[in-house]
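Numbering (numbering that gives the first Met the number 0), first residue to last: 0 to 294.
For every residue, glycine included, the Cβ atom is placed at its ideal position computed from N, Cα and C.
Each remark here refers to the structure printed beneath this line.
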Amino acid sequence: MLFKGSAVALVTPFTRENTVNYDKLEELVEFHIKNGTDAIVVCGTTGEASTLSDREHIATIKCVIDTVNKRIPVIAGTGGNDTEHSILLSKIAENFGADGLLIINPYYNKGNKTGIKAHFTKIAQSVDTPIIIYNVPSRTGVNLSPNLIAELSYSEQNIVGVKEASGDMTQVAEIARLVNDDFAIYSGNDDSTLPLLSLGGVGVISVLANICPKESHDLVYSFLSGDIELSRKLQLDLKPLIDALFTEVNPVPVKTAMNLLGMDVGSLRLPLGHMEAKNIDILKKELKNASLELK
């Protein structure tokens with residue numbers, strides 16, 4: 000198992016010239032290690048990987064791996080809708096020393112069941128690094144069925160977990176029923192971490208953790224240590240802030256929030272744009288309600 004607890008879906012900070020801000024990236028890594036984040040996912044959706052050039056993508060992964068220096072696991076987002084390109088990025092991340100790979104199910108061209116299974120199989124057989132499958136049908140247009148996830152978990156030894164962002168707890172329950180106990184199920188939605196944990200999940204890959212790393216860690220570990228009431232309280236107390244972080248497409252609100260908190264992570268890359276004023280007001284309100292200090 001790559002990790003238990005909260006892995007931050009790390010934003011990619013940009014400079015005023017809209018290049019990757021590697022100094023800030025190192026600063027964010029240290030912030031997370033200091034504040035209890037259990038693992039770092041770099042170059043995922045929240046990291047705007049789809050607008051990074053290959054050179055930036057590779058350099059960003061290397062920067063995080065080198066900065067972490069094995070203190071916590073680093074999971075590199077190397078998936079895409081082109082199998083051969085995903086294999087290339089996965090091999091590079093493996094050579095850099097990534098502890099795990101996050102591989103999204105193919106988007107746009109989508110793939111049928113046989114194609115998707117072959118996609119994950121070919122990537123898994125091209126590397127030795129553990130792989131977490133990322134199922135996010137709202138982004139990809141395709142839902143990975145529990146049966147397919149289970150088939151992959153049994154057929155490929157290094158497919159060790161799934162980031163489940165379907166939001167369907169019935170699907171999560173079926174995945175948990177079909178896979179072995181050592182197959183890790185992670186929440187891909189901050190608002191349903193606790194329900195997923197109750198079905199046998201072991202953690203969350205979190206957007207919220209960019210601004211509330213300790214709380215995200217505590218929500219998971221209180222549950223895993225048997226303090227269900229504390230975990231429930233944290234989940235419900237954080238819900239208004241989580242909702243505010245998803246008033247617009249991720250990572251628009253969370254990068255906005257980080258800048259409001261003085262974390263200076265820079266702008267977004269098109270086609271992501273500025274938040275609407277009414278949603279910024281909601282976000283400011285919930286940041287204050289969560290006792291986070293606006294700068």
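**Q.** Cutoff 6 angstroms; reference I148; Cβ partners in own chain excluding five residues on either side
**A.** Correct list, in chain order: V161 and I174.
Q | Separation of K287 from F119, as counted between CA atoms | A | The straight-line gap separating the alpha-carbon atoms of F119 and K287 is approximately 43 angstroms.
Q | Among N258, E285 and T169, nearest to H273 - alpha-carbon criterion | A | It is N258 whose Cα lies nearest to the Cα of H273.
Q | Beta-carbon proximity of G140 to Y106, cut-off 8 angstroms | A | Cβ distance < 8 angstroms, so G140 and Y106 count as in contact.
Q. Among S89, D53, V171 and I64, which residue has its Cα nearest to the Cα of A38?
A. Here the closest residue by C-alpha is I64.
Q) Are at least three pairs of beta-carbons, each pair with one atom in the stretch 239-257 and one in the stretch 277-286, less than 8 angstroms apart? A) Under the three-pair Cβ rule at 8 angstroms, the stretch 239-257 counts as touching the stretch 277-286.
Q | beta strand (DSSP E) runs wholly inside the stretch 83-155, at least 3 long, in chain order | A | Within the stretch 83-155, the complete beta strand (DSSP E) runs of at least 3 residues fall at 99-103 and 130-134.
Q) Leaving out the 5 sequence neighbours to the left and right, which residues in its chain are closer than 8 angstroms to L151 when beta-carbon positions are compared? A) Shown here for L151: same chain residues with a beta carbon closer than 8 angstroms to its own, the five before and five after excluded, namely K116, F119, T120, A123, I132 and I158 in chain order.
Q: Take A172 and list the residues in its own chain whose beta-carbon comes closer than 6 angstroms to its own, dropping the five residues that flank it on each side.
A: Spatial neighbours of A172 in its own chain (CB-CB distance under 6 angstroms, excluding positions within 5 residues in sequence) are listed in chain order as L198.
**Q.** Beta bridge counterpart(s) of I227 as assigned by DSSP
**A.** In the DSSP assignment, I227 forms no beta bridge with any residue.
Q: Look at the alpha carbon of H56 and the alpha carbon of I227, and state the distance between them as a whole number of angstroms.
A: About 39 angstroms.
Q) To which residues does DSSP link E163 through a beta bridge? A) In DSSP, E163 forms a bridge with N134 and S186.
Q) Of the residues L9, M0, A6 and R15, which one's Cα is nearest the Cα of S266? A) Out of L9, M0, A6 and R15, R15 has the C-alpha closest to the C-alpha of S266.
Q.
If contacts are defined as beta-carbon pairs under 8 angstroms, then N134 and V7 qualify, I think. What distance do you get, rounded to the angstrom?
A. A Cβ-Cβ separation of about 19 angstroms leaves N134 out of contact with V7 under the 8 angstroms criterion.
Q) Between G35 and V203, what straight-line distance do the alpha-carbon atoms span, to the nearest angstrom? A) About 14 angstroms.
Q.
Buried or exposed, going by whether 16 or more other CB atoms sit within 10 Å of the CB of D217?
A. Taking a 10 Å sphere around the C-beta of D217, we find 16 or more other C-beta atoms and assign the residue as buried.
Q: Would you list, in sequence order, the uninterrupted alpha helix (DSSP H) runs of no fewer than 4 residues that lie entirely inside the stretch 19-44?
A: Listed in chain order, the complete alpha helix (DSSP H) runs (minimum 4 residues) inside the stretch 19-44 are 21-33.
Q. CB-CB under 7 angstroms to F222, same chain, minus the five flanking residues each way: which ones, in chain order?
A. Contacts found: L193, L196 and S230.
Q: Please name the residue in F95, E163 and I102 whose C-alpha comes closest to that of G78.
A: If we check each option's Cα against that of G78, I102 comes out closest.
Q: Can you grab the Cα-Cα spacing for the pair K109 / L235, in whole Å?
A: Computed Cα separation, rounded: 35 angstroms.
Q) Pick from Y21, C211, Y220 and E214: whose alpha carbon is nearest that of G200? A) Nearest of Y21, C211, Y220 and E214 to G200, Cα basis: Y220.
Q.
Could you tell me which whole alpha helix (DSSP H) segments of length 4 or greater appear in the stretch 214-269?
A. Fully enclosed alpha helix (DSSP H) runs of 4 or longer: 227-243 and 251-259.
Q: Could you name the residues of the same chain whose beta carbon sits closer than 7 angstroms to that of S307, not counting the 5 residues immediately before and after it, in chain order?
A: Residue coverage of the chain in this structure runs from 0 to 294, which leaves residue 307 outside it and unanswerable.
Q) By DSSP, does A276 sit in helix, in strand, or in coil? A) Look at A276 here: in three-state DSSP terms it is helix.
Q: Would you check if the distance between the CB atom of P145 and the CB atom of Q170 is smaller than 8 angstroms?
A: It is a contact, given that the beta carbons lie within the stated cut-off.
(Q) Which same chain residues end up closer than 6 angstroms to P136 when comparing Cβ atoms and leaving out the 5 residues on each side of it in sequence? (A) Excluding sequence neighbours, P136 sits near N142 and S165.
Q. To which residues does DSSP link F13 through a beta bridge?
A. Within the DSSP secondary-structure output, F13 pairs in a beta bridge with V19.
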